[in-house]
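K.L.:
The C-terminal residue of the sequence shown carries number 269 in numbering that gives the first Met the number 0, and the numbering is unbroken.
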Amino acid sequence: MGSLMIIGGAEDRTDNMEVLKKFIELSGGEDQPLVVLTAASTVPEKIWEMYQGAFNALHAHKVRHLPMADRAAAEDEELAHAIATAKGIFITGGDQKRLMTIIGGTRCGNALRQAWLENGACLAGTSAGASGMCTHMMAEGHADLAPEKGAARLAAGLGFVPRVVIDQHFAQRHRINRLLSVVTQSPFLLGAGIDENTALVVHQSDGLEVVGEGCVTVVDCRDARTNIVDIPAGEVPHIFGARLHLLPAGACFRREGELTDFIDYLTKEH
């Protein structure tokens, strides 16, 4: 089983490129086969050109673009084989609903899991690609000033992160309220808000680390007291006892430490 790399979007692609360097490292190095999936984007060639330049600058030349405009392309056997045998898979940003409409339940979607589970590949997603890695995916919504009831909607994702809902561009787009709204209504889940140019790296065997320049904010409402079930949609609930954890870049946590529950929620079905 490989690693998961969940990126908050807008990772540096021209200067230090710390997040992309980490992706190459987790994929086994610059000589390993890497693939870039742009299915979430409506301008896939433009997105690919940008990443191609970044990976070439990092001397990773065995990088292949796998364009998928529709579900028919995602059923292509040759594309699925390229995914299943890659050591690093990078899912770009765009719209996570588009990503799931194209790839969810297809041959290429199944190949992602095969590469991760059987080939030890690093599976990375940025922005929409990060949201899509969850079982319960943040599909859309906003809560600018307060965590209003019903401010965001969940949908089915790819299922690699079982009980954590991911929100991206977190600090930059002030998304704490919409993540609180979701997790307060669904305390079965934990929330993880990931800043731009920041990655949450999940090592299946021994824990997690945060790479880049921002933070990961973890929202835990399992023990919170709230009136959210009794108020109409659009109103702001009372929330008492919600817990927040802040994981800055450079932080590392092992499974037996303070964040054991969070690591288990990222990696294990319950």
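From the three backbone atoms N, C-alpha and C, an ideal C-beta is built for every residue, glycine too.
Skipping 5 residues on each side, what residues in its chain have a beta carbon closer than 6 Å to that of His244?
P.N.:
Contacts found: Val217.
K.L.:
Report yes if the C-beta distance between His64 and Thr37 is below 8 Å; otherwise report no.
P.N.:
In contact: His64 and Thr37 (Cβ atoms closer than 8 Å).
K.L.:
How would you label His269, buried or exposed, when you count the other beta carbons within 10 angstroms and need 16 or more for buried?
P.N.:
Note on His269: pLDDT 39, under 50, position unreliable in the model; the coordinate value appears next. By the 10 Å Cβ count, His269 comes out exposed.
K.L.:
Along the chain, where does the beta strand (DSSP E) that runs through Leu331 open and close?
P.N.:
The chain is shown only over 0 to 269; residue 331 falls outside these bounds and no answer can be derived.
K.L.:
Rounded to whole angstroms, what's the CA-CA distance from Cys220 to Val164? Just pull it up for me.
P.N.:
Each residue's Cα considered, the two are about 13 Å apart.
K.L.:
Can you give the beta carbon distance from Gly93 to Thr41, rounded, assuming they're within the 8 Å contact cut?
P.N.:
That pair is a contact at about 7 Å.
K.L.:
Three-state secondary structure (DSSP) at Ile230?
P.N.:
Correct three-state label for Ile230: coil.
K.L.:
Return the chain-ordered list of same chain residues with a C-beta closer than 8 Å to the C-beta of Lys96, the five sequence neighbours on each side being excluded.
P.N.:
The answer, listed in chain order, is Ala138, Glu139, Ala154.
K.L.:
Which of the three DSSP states, helix, strand or coil, is assigned to Leu207?
P.N.:
Of the three classes helix, strand and coil, the one that applies to Leu207 here is strand, per DSSP.
K.L.:
Tell whether a beta-carbon distance below 8 Å holds between Ala223 and Pro186.
P.N.:
Result yes, Cβ atoms of Ala223 and Pro186 sit closer than 8 Å.
K.L.:
Which value, in whole angstroms, describes the spacing of the CA atoms of Phe22 and Ile230?
P.N.:
For Phe22 and Ile230, the distance between alpha carbons rounds to 44 Å.
K.L.:
Can you tell me the Cα-Cα spacing of Gln171 and Thr134, whole angstroms?
P.N.:
Going by the C-alpha atoms only, they are around 24 Å apart.
K.L.:
Take every Cβ of the stretch 227-242, pair it with every Cβ of the stretch 22-34, and state whether three or more of those distances are shorter than 8 Å.
P.N.:
Because the criterion of three Cβ pairs below 8 Å is not met, the stretch 227-242 and the stretch 22-34 do not touch.
K.L.:
Identify the continuous alpha helix (DSSP H) that holds Glu76 and give its terminal residues.
P.N.:
That run of the alpha helix (DSSP H) goes 76-83.
K.L.:
Taking the continuous beta strand (DSSP E) assigned at Thr197, which residues delimit it?
P.N.:
197-202 is the span of the beta strand (DSSP E), which, as asked, contains Thr197.
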